[in-house]
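Below: one structure, written as structure tokens.
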Amino acid sequence: IASRVGDYNKLQHHMRDLVSKEATKLETLISSCSDWDQLDNCLNKFETATLLDPFVSEEVSTRLHTLRRLHEQKEDQVEDLMEDMIQNRDFKGIAEFLSPLKLVG
């Protein structure tokens, strides 16, 4: 039994590390990307890992909550920026801001 407990603890630690690494990748993606569909898709995939929460001490749900909050903050920042540019009639700025979106799709 002792050997199995050791394997269980190693596996649990390994799974926590994987959750942490994936969450870190998503944090980087959120900070560097404004493709909301891609971000939502990645967050939804990460959410499926909440099945592991009982095994990893709710690590997935905790990380997911933080990631969703970061995503919301990013959306708010983009909306605020767009509102400011519209109010200031900064059409050149809007065009420059939106031009990377032309490359998508």
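Sequential numbering of the sequence shown, starting at 9, is according to this note's numbering.
Yeah, the Cβ is synthetic: ideal placement off N, Cα and C, and Gly gets one too.
Item: At which residue ranges does the region 42-107 contain complete beta strand (DSSP E) runs of 3 or more residues, listed in the order of the chain?; Value: none
Item: Residue 69 and residue 56 look like a contact to me (Cβ under 8 Å); what is the Cβ gap, rounded to whole Å?; Value: That belief does not hold up - the Cβ atoms of residue 69 and residue 56 are roughly 12 Å apart, past 8 Å.
Item: Give me the Cα-Cα distance between residue 88 and residue 39, rounded to the nearest whole angstrom.; Value: 16 Å
Item: Examine the ligand HEM and report whether any of its heavy atoms sits within less than 7 Å of the Cβ of residue 105.; Value: With respect to the ligand HEM, the structure offers nothing, as it holds no ligand at all.
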